[in-house]
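See structure below.
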Amino acid sequence: MLASRSFLRLRNFSAAVQNASVPANYSGRYQNWKKPVYVSPHIHPLEVGPDFSVIEGPPIPVTSQKQLEYKLDQIRLAKKVVQLLEEIKEMETAHKKADARRLAESQQKEQLRPKPKGTISVE
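Numbering (full-length UniProt numbering), first residue to last: 1 to 123.
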């Protein structure tokens, strides 16, 4: 009796598994439903390597999409670095102007403050 119940339970379970639909992106991969902890990007050394273009000569043509994305990313980073350096220069000049203004204000206050008349003590 117990064996027949477990057999029926197993048969119902196997039928449910066979009737269940598996999404296409889950097929063929064990535990593909889990979010991976880390996936290392595979970069081929010949696709992303040093730039051997000559300064006076024509640039070497881009031969892959990865190289194109890499070059565009480098151009974007260079523009961002230039923009941030300009902002730093603006901040430095504003700081120098603020320091000069504070110094001028303190000198102006010092000139307006009354000077002590008697500096020699009488005993």
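By construction, the Cβ of each residue, glycine as well, lies at the ideal position given by its N, Cα and C atoms.
With contacts defined by Cβ atoms closer than 8 Å, V62 and K71 form a contacting pair.
K35: not part of any alpha helix (DSSP H); DSSP gives it neither H nor E.
Per DSSP, the unbroken alpha helix (DSSP H) holding V82 starts and ends at 65 to 112. Annotation for P58: no residue places its beta carbon closer than 6 Å to its own, counting only its chain and skipping 5 residues before and after. K66 is the residue among I55, K35, K66 whose C-alpha sits nearest the C-alpha of H42.
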